[in-house]
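What follows is one structure encoded as structure tokens, with my remarks underneath.
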Amino acid sequence: MSLPRRKMLGVLLCSAIVAGCEREGQHRAETMIADTVAAHATSVWPALPPALPVDPALEARITGLMAQMSIEEKVGQLIQAEIKYTTPEDVRKYHLGSVLNGGGTYPNNDKFATPEDWLALSEAYFAASMDTSDGGVAIPIIWGSDAVHGHNNIVGATLFPHNIGLGAARDPDLIRRIGVATAREVAVTGIDWTFAPTVAVVRDDRWGRTYESYSEDPAVVKAYAEAMVKGLQGEKNDSDFLRGEHLVATAKHFVGDGGTTRGIDRGDNQVPERELAKVHGAGYLGALPAGVQTVMASFNSWNGEPLHGHKHLLTDVLKARLGFDGFVVGDWNGHRFVPGCTLDSCAAAINAGLDMFMVPSDWKKLYENTLAQASRGEIRPERLNDAVRRILRVKIRAGLFEHERPLAGRSGILGSAEHRALAREAVRKSLVLLKNNNNLLPLAPAQNVLVAGDGAHNLSKQSGGWTISWQGTGNTREDFPGATTIFEGIQALVEAAGGEAVLSERGGFSRATFTSGDGPDVAIVVFGEAPYAEWHGDLASLEYQLGSHSDLALLQALRKQGIPVVSIFLSGRPLWVNKELNASDAFVAAWLPGSEGVGVADVLFTSPEGERPYRFSGTLPFSWPHYVHQTVLNPYHAAYAPLFPLGYGLQDGAQSLVSNTLSEDGETYSDGALEDAWLMVSRPRSPWKLLIAEEQREPVAVTGNRSSSGPDTNITVAAIDWESQEDARQIRWKGLRPGAVRLAAESPQDLSRYLKERAALTLDVRVDRTPEHAVRAGIDCGAGCAAELPLQSALAKLQPGNWSKVSIDLQCFVAGGADFSRVSAALSITSEGALALAVANVKYVPGAADSAMISCEG
Numbered sequence: 000m001s002l003p004r005r006k007m008l009g010v011l012l013c014s015a016i017v018a019g020c021e022r023e024g025q026h027r028a029e030t031m032i033a034d035t036v037a038a039h040a041t042s043v044w045p046a047l048p049p050a051l052p053v054d055p056a057l058e059a060r061i062t063g064l065m066a067q068m069s070i071e072e073k074v075g076q077l078i079q080a081e082i083k084y085t086t087p088e089d090v091r092k093y094h095l096g097s098v099l100n101g102g103g104t105y106p107n108n109d110k111f112a113t114p115e116d117w118l119a120l121s122e123a124y125f126a127a128s129m130d131t132s133d134g135g136v137a138i139p140i141i142w143g144s145d146a147v148h149g150h151n152n153i154v155g156a157t158l159f160p161h162n163i164g165l166g167a168a169r170d171p172d173l174i175r176r177i178g179v180a181t182a183r184e185v186a187v188t189g190i191d192w193t194f195a196p197t198v199a200v201v202r203d204d205r206w207g208r209t210y211e212s213y214s215e216d217p218a219v220v221k222a223y224a225e226a227m228v229k230g231l232q233g234e235k236n237d238s239d240f241l242r243g244e245h246l247v248a249t250a251k252h253f254v255g256d257g258g259t260t261r262g263i264d265r266g267d268n269q270v271p272e273r274e275l276a277k278v279h280g281a282g283y284l285g286a287l288p289a290g291v292q293t294v295m296a297s298f299n300s301w302n303g304e305p306l307h308g309h310k311h312l313l314t315d316v317l318k319a320r321l322g323f324d325g326f327v328v329g330d331w332n333g334h335r336f337v338p339g340c341t342l343d344s345c346a347a348a349i350n351a352g353l354d355m356f357m358v359p360s361d362w363k364k365l366y367e368n369t370l371a372q373a374s375r376g377e378i379r380p381e382r383l384n385d386a387v388r389r390i391l392r393v394k395i396r397a398g399l400f401e402h403e404r405p406l407a408g409r410s411g412i413l414g415s416a417e418h419r420a421l422a423r424e425a426v427r428k429s430l431v432l433l434k435n436n437n438n439l440l441p442l443a444p445a446q447n448v449l450v451a452g453d454g455a456h457n458l459s460k461q462s463g464g465w466t467i468s469w470q471g472t473g474n475t476r477e478d479f480p481g482a483t484t485i486f487e488g489i490q491a492l493v494e495a496a497g498g499e500a501v502l503s504e505r506g507g508f509s510r511a512t513f514t515s516g517d518g519p520d521v522a523i524v525v526f527g528e529a530p531y532a533e534w535h536g537d538l539a540s541l542e543y544q545l546g547s548h549s550d551l552a553l554l555q556a557l558r559k560q561g562i563p564v565v566s567i568f569l570s571g572r573p574l575w576v577n578k579e580l581n582a583s584d585a586f587v588a589a590w591l592p593g594s595e596g597v598g599v600a601d602v603l604f605t606s607p608e609g610e611r612p613y614r615f616s617g618t619l620p621f622s623w624p625h626y627v628h629q630t631v632l633n634p635y636h637a638a639y640a641p642l643f644p645l646g647y648g649l650q651d652g653a654q655s656l657v658s659n660t661l662s663e664d665g666e667t668y669s670d671g672a673l674e675d676a677w678l679m680v681s682r683p684r685s686p687w688k689l690l691i692a693e694e695q696r697e698p699v700a701v702t703g704n705r706s707s708s709g710p711d712t713n714i715t716v717a718a719i720d721w722e723s724q725e726d727a728r729q730i731r732w733k734g735l736r737p738g739a740v741r742l743a744a745e746s747p748q749d750l751s752r753y754l755k756e757r758a759a760l761t762l763d764v765r766v767d768r769t770p771e772h773a774v775r776a777g778i779d780c781g782a783g784c785a786a787e788l789p790l791q792s793a794l795a796k797l798q799p800g801n802w803s804k805v806s807i808d809l810q811c812f813v814a815g816g817a818d819f820s821r822v823s824a825a826l827s828i829t830s831e832g833a834l835a836l837a838v839a840n841v842k843y844v845p846g847a848a849d850s851a852m853i854s855c856e857g
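Note that the sequence shown covers residues 0 to 857 in numbering that gives the first Met the number 0.
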């Protein structure tokens with residue numbers, strides 16, 4: 000173990016065991032960072048001048064303000080709190096520097112809050128920040144929001160394609176225009192700052208944030224980062240830079256978030272610094288010269304060191320070498336992962352170069368601790384002053400003191416026809432034609448068109464995550480006023496030409512389906528990934544619908560009837576879809592197009608006269624896998640052998656490069672190594688669904704953040720936060736009658752290889768109420784086939800309120816009669832009485848049986 004590694008371990012042990020060693024831990028963390036900086040080489044990063052020349056008058060103004068500020072006011076500027084947990088009075092009292100609305104947070108906790116509601120709250124915060132009745136200095140607050148594909152937090156906004164789709168367009172000017180439109184819609188609601196663009200360069204497509212990346216190609220990311228920053232903020236040399244109709248932009252997440260091992264969100268990027276700079280730094284080389292004013296520190300680590308406490312990268316590289324003179328904001332409680340830090344205490348992050356904490360709910364304690372640390376010198380005065388100076392510099396540049404908001408409250412901008420036309424253009428340009436047998440596309444519109452698939456008339460699915468809610472779930476058609484589904488777009492175009500388009504989600508039809516009495520001439524099937532965001536979208540395998548393949552069955556059923564099939568695939572990344580490609584005559588990668596589904600129809604059809612007003616022009620921003628184990632598939636690697644290479648996209652008249660006989664070997668492992676089987680990691684994983692089951696009652700599917708069994712709520716399942724947002728489930732049994740919570744699949748799954756690989760069922764458990772009646776863990780495998788093991792004594796031995804790892808040798812279930820070749824429920828937890836526990840990270844882990852807590856012998 001290296002010396003820095005030993006020091007890190009000491010910090011973690013100190014933090015976990017001795018509460019009073021916080022200051023020692025922070026000192027060790029800072030010493031560790033100082034020791035390791037010597038091994039880093041800033042020379043591999045280009046030397047950049049500041050994007051804007053030093054303005055003596057501006058700096059003098061900042062100096063004058065800071066001379067009047069108390070240390071309490073300075074520390075307040077370092078705090079960004081969430082609007083759900085912060086009132087205008089809090090802003091006035093603590094002199095807070097910023098607020099944010101997280102995904103799924105709205106004024107008055109009202110999903111349907113109007114633009115006027117958003118603006119009213121913004122004005123209240125501003126007035127509170129400028130209140131000097133306590134003798135303080137008037138410093139305007141800055142409100143940040145994740146407007147990542149339009150003003151996506153507010154009902155009625157224009158939703159542009161997610162970044163991966165924009166990357167397919169290969170059109171930087173389109174990106175700039177989208178930035179302009181987004182800034183205008185956000186400005187209507189009185190918000191000054193967007194946490195965009197994401198400039199990650201993705202290596203492993205299993206990462207749950209892949210769709211937030213423009214491309215795996217660093218050159219594309221660099222060009223797009225520059226264009227989006229210019230669109231959001233304006234040109235840096237123009238008089239309206241950051242003013243009027245523009246916003247403050249954020250380049251995120253610094254740095255290496257797209258390169259973590261195995262694509263695990265918030266994981267570790269283990270590359271040399273030269274590769275970190277050349278690949279993962281590319282977006283910053285576009286955003287920083289364009290004048291981006293804020294940079295968000297990343298959750299990930301680089302070679303074991305968390306970025307929120309990485310002085311070399313935040314200070315020596317970003318601020319000194321790359322010339323960044325704006326401020327660095329943290330990500331959602333990201334400072335807590337710095338060695339020696341806690342959620343409410345982290346001097347090490349500020350000393351490393353973080354300028355503003357993003358601390359949504361626990362901000363008061365963090366404020367108090369940071370104030371104490373600054374008062375006694377743990378946060379050096381020059382570092383505190385530098386952070387405050389950077390924050391004030393951005394606020395002055397953005398005109399926040401003057402409070403000029405020409406678009407605030409203006410009608411006719413949010414969701415305007417002009418912006419929707421731009422989004423429709425972006426959808427057209429984002430579509431990538433992967434297969435087109437016999438030049439099936441474009442279609443003549445005057446036909447009988449059957450439109451199928453659960454994505455055809457589903458705005459939530461076509462918009463993806465970060466849409467009204469954080470995960471993009473829980474939304475209905477009514478939540479998207481002014482938008483068009485893909486089916487609605489097809490229907491309007493076809494019927495205008497004299498054809499007929501009929502929606503049948505499951506593909507069924509009869510002679511009466513079409514008014515002509517004839518069957519469909521063609522079927523368009525729209526299907527793909529359900530919405531997700533961040534680590535909730537991390538995958539164990541790139542195989543689409545692993546273990547389920549219901550969409551494949553739909554495609555095959557239509558093909559068997561002799562109907563030509565056009566597949567429209569909605570996804571946030573390339574996935575292994577060889578089977579679906581084989582069952583399609585034409586296949587379009589549509590990504591996550593957003594609110595203007597009509598843009599898809601524009602490219603699928605000719606005009607009634609047979610002309611082509613719009614053509615397929617999109618090219619792949621990511622390489623497409625030929626085999627399911629090609630999770631890291633970039634053209635810069637020696638063994639590069641994709642099904643479709645980076646930049647591929649069929650144009651009119653081009654012949655497909657794929658046949659109908661692609662390999663359908665869907666093993667989810669490479670080189671003989673079996674991956675963990677994810678059953679529920681943050682969310683249930685395909686094909687598993689979480690169900691509440693009670694005897695003589697219909698099972699209840701657990702959807703959204705909270706579900707329960709019947710009116711008496713005998714069993715309740717709720718999403719809770721453990722290490723991250725909504726990454727665990729709390730399950731409560733009232734004990735009114737026995738009942739179970741199950742991870743079940745619609746069709747039996749062959750998991751027998753996990754037995755051969757000596758796997759164990761593993762899960763993290765927190766007992767909140769010790770069981771007094773029988774509790775059992777079970778596995779089901781169809782009628783008359785099941786196995787249950789007693790779990791009560793094992794749970795009773797766990798420390799209540801603390802998280803523990805529970806593991807069970809799968810062979811124990813075999814001994815109880817389970818057949819792993821046809822598993823229908825990979826885990827069930829049954830309680831005979833009252834019980835409360837939380838669970839997370841449910842997996843089958845190869846090789847874990849030998850160290851399992853519960854073995855067949857004991």
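No residue lacks a Cβ here, since even glycine has one placed at the ideal position from N, Cα and C.
Remember, it's a predicted structure, so these values are computed and weren't measured experimentally.
For residue i, does the three-state DSSP call read helix, strand or coil?
i	result
H252	strand
M357	strand
M679	strand
Q461	helix
T630	coil
A637	coil
K229	helix
L304	The identity of residue 304 in the sequence shown is Glu, whereas the question assumes Leu. Residue state, collapsed to three classes: strand.
Y843	strand
F568	strand
L165	helix
S806	strand
V316	helix
N581	helix
Let me check understanding here. Comparing Cα to Cα, which of the options lies closest to residue i?
i	options	result
I140	V219, N107 and V98	V98
G290	E274, G262, L312 and D324	D324
S549	I562, G149, L603 and E504	E504
H636	A825, G648 and S622	S622
I61	Y84, K394 and W331	K394
Q232	S706, N713 and A397	A397
R427	M65, V597, V43 and N801	V597
I853	G832, R775, T829 and Q798	R775
L735	V254, S459 and E693	E693
M355	T618, W575, P338 and A386	A386
Closest Cβ-Cβ distance between residue i and chain D: below 9 Å?
i	result
L99	Included in the structure is just one protein chain, with no chain D present.
Please confirm whether residue i and residue j have their CB atoms less than 9 Å apart.
i	j	result
A455	F486	yes
G536	R208	yes
L95	I349	no
S708	I719	no
L541	D204	yes
Using the beta-carbon count (16 or more within 10 Å), is residue i buried or exposed?
i	result
V844	buried
K364	exposed
E697	exposed
A814	exposed
Q25	Low confidence applies to Q25: its pLDDT is 41, below 50, so where it sits in the model is not reliable, and the reading given next is rough at best. Its Cβ being crowded by 16 or more others within 10 Å, Q25 is buried.
H402	exposed
D601	buried
A416	exposed
Q. For the region 458-532, which segments carrying the beta strand (DSSP E) assignment without a break, of at least 3 residues, lie completely within its bounds, in sequence order?
A. 499-502 and 521-527
Q: Mind listing, in chain order, the continuous beta strand (DSSP E) runs of no fewer than 3 residues lying wholly within the region 117-167?
A: 141-144
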